[in-house]
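K.L.:
Mind looking over this structure? Questions follow.
Numbering (our numbering), first residue to last: 2 to 622.
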């Protein structure tokens with residue numbers, strides 16, 4: 002079995018000849034790369050930028066890294082999100098996405114340590130110059146002298162929208178001496194109370210009920226867009242548009258809309274026109290790399306080359322198909338996106354680590370292309386001796402469904418400490434119930450770090466890691482060998498993916514069954530279409546010449562319902578107070594559908610009642 006050994010304290014400094022380090026982390030199976038990055042970032046004195054080959058991978062790694070943080074951990078972890086639009090799209094990104102991007106861009110030059118995650122296609126986008134974010138960011142403090150009318154004008158010039166009631170990022174509302182404001186990059190809106198021209202009070206407030214609560218001393222105000230929208234910027238846009246697109250300007254064109262102060266959907270793909278020197282070789286846009294500190298470590302996960310090639314094919318295809326619309330003439334791709342060569346040139350000054358998850362090699366350290374990790378004694382460092390897990394699936398078809406997991410736990414050749422990983426607290430209880438059937442009783446822990454510090458042989462914790470592995474913790478002693486086993490290893494990853502494909506089904510996530518081994522004879526279950534029944538076991542039936550395994554469910558009057566194993570996603574747990582006396586529904590009647598309809602009506606009634614209460618509170622505020 003392949004393995005890798007490394008102390009997670011990366012060397013970030015350049016060598017004496019100023020050649021940038023280019024290194025490799027080999028053989029990090031499962032989710033061990035996330036743990037390696039997390040502990041590497043904690044023990045490092047420089048920030049890490051993690052570049053992934055696509056957005057789903059970035060989201061997954063972001064979730065895993067966040068789940069490794071403990072309550073007392075202040076390691077910053079940022080996701081620089083994609084616009085979630087196609088190249089040259091006629092849709093604009095959601096304001097929440099713009100808010101997250103602006104907040105990250107503002108923090109990057111100030112970041113001393115931490116992790117920033119970015120998909121390579123997002124990295125390939127040209128951005129506003131760094132000076133724009135700095136020049137248009139403002140700290141508002143309690144006690145500042147600010148004329149309310151002037152502040153409203155400044156907000157509108159920065160792209161904020163004046164509305165009746167603040168609900169989203171980039172909005173503000175003024176009522177008398179009160180200004181409500183939802184700054185970009187903030188998780189909550191603020192209420193500013195003025196006394197003459199002085200900010201007398203700043204409070205957080207809830208946009209749902211419009212009630213203010215905790216006080217704060219200051220707020221950081223970021224621009225509302227990734228480009229300026231004041232009069233000077235619009236004038237610059239007009240002149241550069243005319244210079245770039247020499248042909249006559251259509252009356253319905255984007256030119257006239259911007260001239261009239263309207264920012265049409267998709268205006269983001271004209272970003273360079275709002276900044277000077279669009280025609281020069283050193284055009285006045287930046288890349289994400291321009292925002293990074295010089296000592297930043299670049300970590301690469303996945304096949305970036307293939308992703309970039311496919312991305313540029315999409316860019317060029319959409320450009321060729323849309324460039325002749327007179328109302329929306331397009332900027333050439335080179336003015337909006339980095340080519341593969343330009344992107345790697347931007348990354349060249351930074352130390353680099355390439356993560357290779359499953360390379361079959363015993364070689365761990367060799368020449369300057371492979372990661373040389375310093376064995377520094379730091380309490381935050383974890384010594385990795387990583388191996389992949391064997392097959393541990395609980396198989397209901399076997400006489401001993403738990404045979405594989407029992408062999409693993411009791412073997413002398415495997416770690417004597419095992420931590421099971423559940424997706425949520427509800428799923429944790431389901432896994433505990435499942436393991437208890439074979440007298441496996443792990444102790445509940447709040448985090449992986451908490452489990453590492455104990456001598457408890459079996460534990461369970463909630464975490465976003467979705468693939469397990471084994472590793473050595475704090476030294477190479479046998480007693481510190483730990484196995485992390487996720488639900489994917491226990492229940493089979495194909496079941497998990499099947500559930501994700503059926504998210505449209507109205508079933509509570511924690512109530513679902515992910516494996517037949519979770520079902521027990523006589524257990525009350527709920528079929529999404531037929532209601533409450535009892536599980537009686539599995540039965541093999543032949544239908545249409547094909548032999549298939551079915552779940553047999555019993556309903557009122559001893560009626561039987563046979564559900565194909567492939568339709569397990571239609572079955573969920575009964576969550577009533579007394580499962581042993583659960584009321585069984587009758588098959589072939591509309592009792593269950595009426596019950597669901599009645600429940601939905603109650604939900605709507607409660608929602609209407611809450612809205613009425615909020616409206617009354619707002620009118621009395």
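Ideal Cβ placement from N, Cα and C applies to all residues, glycine included.
Counting C-beta neighbours from all protein chains within 10 Å, is the total for residue 83 16 or more, i.e. buried, or is it exposed?
P.N.:
Looking at its Cβ environment, which holds 16 or more other Cβ atoms inside 10 Å, residue 83 is buried.
K.L.:
Between 358, 321, 328 and 306, which lies nearest to residue 343 when the distance is taken from Cα to Cα?
P.N.:
Nearest option by C-alpha distance: 306.
K.L.:
Which residues bound the beta strand (DSSP E) around residue 422?
P.N.:
It spans 418-423 - the beta strand (DSSP E) in which residue 422 sits, taken as one unbroken run.
K.L.:
Can you say whether residue 538 is buried or exposed, counting buried as having 16 or more other CB atoms within 10 angstroms of its CB?
P.N.:
Residue 538 comes out exposed.
K.L.:
For the alpha helix (DSSP H) containing residue 64, name the first residue and the last one.
P.N.:
Start and end: 56-68.
K.L.:
Work out the CA separation of residue 586 and residue 599 for me, nearest whole Å.
P.N.:
Roughly 16 Å separates the two Cα atoms.
K.L.:
May I ask you to verify whether the region 322-340 touches the region 130-137, counting CB pairs closer than 8 Å and requiring at least 3?
P.N.:
With the cut-off at 8 Å, the region 322-340 and the region 130-137 do not touch.
K.L.:
Would residue 163 be called buried (16 or more neighbouring beta carbons within 10 Å of its own) or exposed?
P.N.:
Residue 163 comes out exposed.
K.L.:
Which same chain residues end up closer than 8 Å to residue 528 when comparing Cβ atoms and leaving out the 5 residues on each side of it in sequence?
P.N.:
Excluding positions up to five away in sequence, the list reads 534, 554, 562, 564, 571 and 572.
K.L.:
Between 259, 304, 308 and 251, which lies nearest to residue 328 when the distance is taken from Cα to Cα?
P.N.:
Nearest option by C-alpha distance: 251.
K.L.:
Give the range of the beta strand (DSSP E) segment to which residue 24 is assigned.
P.N.:
Counting along the chain, the beta strand (DSSP E) containing residue 24 begins and ends at 23-27.
K.L.:
Determine the extent of the beta strand (DSSP E) in which residue 400 is found, giving its start and end residues.
P.N.:
Element bounds for residue 400: n/a, residue is neither H nor E.
K.L.:
Which of helix, strand or coil does DSSP assign to residue 624?
P.N.:
For the chain, the structure presents residues 2 to 622; residue 624 sits outside this window and is missing.
K.L.:
According to DSSP, simplified to helix, strand and coil, what is residue 41?
P.N.:
Residue state, collapsed to three classes: helix.
K.L.:
Determine, using beta carbons only, whether residue 300 and residue 52 come nearer to each other than 8 Å.
P.N.:
Their beta carbons are under 8 Å apart, which means residue 300 touches residue 52 by this criterion.
K.L.:
Mind checking who residue 574 pairs with in its DSSP beta bridge?
P.N.:
Bridge partners of residue 574: 526.
K.L.:
Please tell me whether residue 128 and residue 286 are closer than 8 Å, where the distance is taken between their beta carbons.
P.N.:
In contact: residue 128 and residue 286 (Cβ atoms closer than 8 Å).
K.L.:
Quick one: what's residue 409 bridged to in DSSP?
P.N.:
Answer is none; residue 409 lacks a bridge partner.
K.L.:
Can you check which of these residues, 268, 271, 277 and 204, is closest to residue 1 by C-alpha distance?
P.N.:
This structure does not reach residue 1, given that the chain is present from 2 up to 622, and the question cannot be answered.
K.L.:
In its own chain, which residues sit with a C-beta less than 6 Å from the C-beta of residue 238, not counting the 5 before and 5 after it?
P.N.:
Counting only Cβ-Cβ distances below 6 Å, and skipping sequence neighbours, we find 259, 274 and 275.
K.L.:
Could you compute how far the alpha carbon of residue 99 sits from the alpha carbon of residue 593?
P.N.:
Each residue's alpha carbon lies about 44 Å from the other.
K.L.:
So what does DSSP say about residue 549, is it helix, strand or coil?
P.N.:
Strand.
K.L.:
Does the region 34-50 come close enough to the region 105-122 that 3 or more CB-CB pairs lie under 8 Å?
P.N.:
Contact between the region 105-122 and the region 34-50 is present, because at least three Cβ pairs lie under 8 Å.
K.L.:
May I have the straight-line CA-CA distance separating residue 601 from residue 595, to the nearest angstrom?
P.N.:
C-alpha separation (whole angstroms): 10 Å.
K.L.:
Please tell me whether residue 420 and residue 449 are closer than 8 Å, where the distance is taken between their beta carbons.
P.N.:
Yes. Within cutoff.
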